[in-house]
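Asks:
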Amino acid sequence: MNTNRKNAAPIPNGLIWLTVSLLVIALDQASKHWVVTALPEYTAVPVIEGVWNWYRSYNTGAAFSFLSDAGGWQQVVFSILALGISGLLAYWLYQTPRSAYKVALPYALVIGGALSNVIDRSLRGHVVDFIQWHWRDYYWPAFNLSDSAIMVGAIAIALHGVLGSGRTSGNTTRS
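In this note's numbering, the protein residues as written are 178 to 352.
1. Which full runs of the alpha helix (DSSP H) of 4+ residues lie inside the segment 212 to 295, going along the chain?
2. Name the two residues that bound the continuous alpha helix (DSSP H) containing I334.
3. Terminal residues of the continuous beta strand (DSSP E) containing D306?
4. Can you list, in chain order, the residues of its chain with a C-beta nearer than 6 Å to that of Y316? Leave out the 5 residues immediately preceding and following it.
5. By alpha-carbon positions, which one of D306, A335, W310, A333 ends up nearest to T237?
6. S299 and D205: beta carbons closer than 9 Å?
7. Taking the straight line between their C-alpha atoms, what separation do you get for V201 and V295?
8. Is the separation between the beta-carbon of L270 and that of L199 shorter than 9 Å?
9. In whole angstroms, what separates the C-alpha of D314 from that of V212?
10. Which same chain residues, not among the five before or five after L266, have their C-beta less than 7 Å away from its C-beta?
11. Under the assumption that W312 contacts V228 (Cβ atoms under 8 Å), give the Cβ distance between them as a whole number of angstroms.
12. Give the straight-line distance between the Cα atoms of L340 and A215, rounded to the nearest whole angstrom.
13. L336: buried (16+ other C-beta within 10 angstroms of its C-beta) or exposed?
14. Below 6 Å CB to CB, which residues in the same chain sit around I308 once its five sequence neighbours on both sides are set aside?
15. List the whole-angstrom C-beta distance separating I257 from A291, where the pair is believed to meet the contact cut-off of C-beta under 8 Å.
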């Protein structure tokens, strides 16, 4: 048996972080099930008066309803993009050491959010949005938990790229 460290077992990869993706999908889908069974459509239900409403709406486009009135082709394009990006991030997770949480967690959040929205588009023909923030007469577009996971993950990836050591560091990628 060779005890040389170079021939030792490989460093465990970051694929275990996909459990976070599964948790994001489960929470997002459960929240959307609650929304479609308990909330009226297009009616504000105040959570914190003057700031936060539950507001059940549907989005056939991307973030902020981008291309929502494009006729349907956009759903296929956005689903293919989400699947492709999720696949790329999963590959990067495979190359990332399990302990590199500053890299792995954001990837997992984006994967979970993207795949949950793909599930919506596949099963419902649209994404269910229900969180509405506003201040006086300004209303932020409604969103959901998967959108939040994607946004937090994307910001963390960008911050790590700018402030962190990036993917070229020996601490964030497998040999």
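Quick reminder that beta carbons are idealized off the backbone N, C-alpha and C, glycines included.
All values derive from a computational prediction rather than experimental measurement.
Replies: In terms of the structure at hand:
1. Segments of the alpha helix (DSSP H) lying fully in the segment 212 to 295: 250 to 272.
2. Where I334 is concerned, the enclosing alpha helix (DSSP H) stretches over 322 to 340.
3. 304 to 312 is the extent of the beta strand (DSSP E) around D306.
4. Correct list: empty, nothing qualifies.
5. Per the Cα distances, D306.
6. By the CB criterion at 9 Å, S299 and D205 fall outside the cutoff.
7. One C-alpha to the other measures close to 13 Å.
8. No. Outside cutoff.
9. Taken atom to atom, the span from the alpha-carbon of D314 to that of V212 is near 24 Å.
10. By the criterion of a C-beta distance shorter than 7 Å, L266 is surrounded in its chain by Y284, V287, I288, once the five residues flanking it on both sides are discounted.
11. The pair is a contact, with the Cβ atoms about 7 Å apart (cut-off 8 Å).
12. L340 and A215 have their C-alpha atoms some 43 Å from each other.
13. The C-beta of L336 has fewer than 16 other C-beta atoms within 10 Å across all chains shown, which makes the residue exposed.
14. Here the set comprises F320.
15. About 11 Å separates the CB atoms of I257 and A291; that is not less than 8 Å, and the two are not in contact.
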